[in-house]
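**Student:** Got a structure for you, questions after.
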Amino acid sequence: MILEVQGQNICKTTSKHFPGLCWLDSSCRKVCIEQDKFEDGHCSKLQRKCLCTKLCAFDNIPNDAGTILVQDVKTLEAELLEEEIFRA
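As structure tokens, then:
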């Protein structure tokens, strides 16, 4: 599930293998690379989730794109709320 698209087609998703709250970027990065098969990873600041990142490839959109888009909107909303709270 893609959570967010950043500049230069970088996509984020919550790690499927990281257990519990995320406090160390290095631990998250290791799980993202070795188990989730992503290129990088870091901890979200407020929700303490492990977020994996990689280059996006939009030509491989799955058949259930509508379901994924709904999930994306919900997750993006949470990420935007996190950023807003962190700025305050």
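Residues in the sequence shown are numbered consecutively from 169, following this note's numbering.
Every residue, glycine too, gets a C-beta built ideally from N, C-alpha and C.
1) Does the Cβ-Cβ distance between C218 and T182 come in under 8 Å?
2) Using the three-state DSSP reduction, which class does D193 fall into: helix, strand or coil?
3) Look at the alpha carbon of L223 and the alpha carbon of D208, and state the distance between them as a whole number of angstroms.
4) Please classify C211: does DSSP put it in a helix, a strand, or coil?
5) So, for S194: in the same chain, excluding its five sequence neighbours on each side, which residues have a beta-carbon less than 7 Å away from its beta-carbon?
6) Residues in its own chain within less than 8 Å of H185 by CB, not counting five upstream and five downstream?
7) From the DSSP output, in three-state form, read off K198 for me.
8) For R255, count neighbouring Cβ atoms within 10 angstroms of its own Cβ and tell me buried if that reaches 16, exposed if not.
**Tutor:** According to the data block:
1) Cβ atoms of C218 and T182: closer than 8 Å.
2) D193 falls in the helix class under three-state DSSP.
3) The alpha-carbon separation between L223 and D208 amounts to approximately 10 Å.
4) Here C211 carries a strand assignment [DSSP, helix/strand/coil].
5) Closer than 7 Å at Cβ, skipping near neighbours: no residue.
6) Leaving aside the five residues that flank H185 on each side, the residues in its chain whose CB is nearer than 8 Å to its CB run, in chain order, V199, Q203, D204.
7) Three-state result, K198: helix.
8) Exposed.
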